[in-house]
Each structure stands twice: as structure tokens, then as C-alpha cells.
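Chains as they are written, first to last, in the working numbering: chain F, 3 to 66; chain U, 10 to 149.
Built from N, CA and C at the ideal position, the CB exists for glycine as well.
Now the structure itself:
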């Protein structure tokens, strides 16, 4: 699954640690999602969408 | 930045607190285990009442540690839970397979070994530790 988390975070000038704290996860988790090593659960994806005020599809895209 | 700060929870602080709480309970359980094991020999010379009390305290500390561990796991994020689950699965598998294999060696007198529960505990603990390190490295 591809995602635009890194781009969206950079646009807002947020660090990984700040985003991690806002989503109540570790910085390691943000990094793993950004690098595509880990796919977030649906609740976490919704939380990210709410934070960025976007839809889930605008952040996460299926690679298939 | 301020917008994000306002949305920021205290997850990190809560996780740190639950980790510290787990460490305290684990330390208390370990110390109570040492007291229950060595107390009858070095401290109260085989007084059964005190020994029973020491074992009861050890069990109570163990329950506290289990509860603290459960709370700690509940507080982890989903990636950390995944790493912990994979490490626990590895530790359980290695513990059962190698523990029973080790026991078989003793039962069948293949080698002059005296299997002890402490060996199994050490094996499971080290396997869990290695599993956690490998899991964290994989998602780094």
C-alpha cells in the first residue's frame, strides 16, 4: 500500500515525532508506515485522515 | 505547529509510565523470588510459616507483574503490538520445541543432563529478547 504521509507531513512542516504524538503511536511506527514497511490499521488510517482533514483514499492508495 | 500541538495526546508519557510500572513489578517479583528461594537457607532457617508467607508474597508480586504486563501491552501502538506478538510466538515455539526436546534427552538418558525449569525460563526469555530486537530492526 502506497501513502502520502511523508509529503503531507512535510507540507505542514511537522516532524515524525510530532505526527507520532498526534496519532498516539511511536515515531518508529510513523517511519515504518512512511517507508512502506508497515500498513496501518483502519482506525489508525481514519485517525490520520481526520488529522490531515482528508479522506483515507487521499492519503493511502492500493498498489494493486 | 500549534494546531498539531493542540491535537497531541499524552500517549508517549502514558507508555513511558506503563513501561516503568512493569519494570518495578518485575523487579519486585524477582526480588521476592530470591527471598523465597534463599530466605529459608540464609535468613530464617527453615521456618515453614515464614517460607509459606514468602511464597505467597512472591505469587502476589507475580500477579501484579502479569497485570502490569497486560496493561503495558494494551498501551502499545499497533506496530509495537505486532513486534511483541511475533516475539512471543517465537519464544513460545522455541520454548515448547526445545524445552520438550531437552526434557526428552534427560528422560531417555541420551546425555547425562539434569533438566531444570530455570533453563527453560532462560531460553524463553532470551528468545523473546532476540525476537524483540529482530522485530524492531525489521521495522526500523
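Look up residue i in the DSSP assignment and say whether it is helix, strand or coil.
{"i": "residue 63(F)", "result": "strand"}
{"i": "residue 11(U)", "result": "Caution is warranted here: a pLDDT of 49 is assigned to residue 11(U), below 50, making its placement in the model unreliable, and no coordinate value can be reported."}
{"i": "residue 149(U)", "result": "coil"}
{"i": "residue 56(U)", "result": "coil"}
{"i": "residue 128(U)", "result": "helix"}
{"i": "residue 51(U)", "result": "helix"}
{"i": "residue 40(F)", "result": "coil"}
{"i": "residue 14(F)", "result": "coil"}
{"i": "residue 118(U)", "result": "coil"}
{"i": "residue 95(U)", "result": "helix"}
{"i": "residue 27(F)", "result": "coil"}
Less than 8 Å separating the beta-carbons of residue i and residue j?
{"i": "residue 104(U)", "j": "residue 133(U)", "result": "yes"}
{"i": "residue 36(F)", "j": "residue 20(U)", "result": "no"}
Which residues in the same chain have their Cβ closer than 7 Å to the Cβ of residue i, if we skip the five residues on either side of it in sequence?
{"i": "residue 61(U)", "result": "none"}
Mind checking who residue i pairs with in its DSSP beta bridge?
{"i": "residue 5(F)", "result": "62(F)"}
Hey, residue i and residue j are a contact pair by Cβ (cut 8 Å); roughly how many whole angstroms apart?
{"i": "residue 57(U)", "j": "residue 92(U)", "result": "Between residue 92(U) and residue 57(U) the Cβ distance is about 44 Å, and since that is not below 8 Å, they are no contact."}
{"i": "residue 148(U)", "j": "residue 4(F)", "result": "Residue 148(U) to residue 4(F), Cβ: 18 Å. No contact."}
{"i": "residue 21(F)", "j": "residue 32(F)", "result": "5 Å"}
Leaving aside the five residues before and after residue i along the sequence, list all residues of the same chain whose C-beta is less than 8 Å from its C-beta, in chain order.
{"i": "residue 74(U)", "result": "31, 34, 35, 37, 38"}
{"i": "residue 46(F)", "result": "25, 27"}
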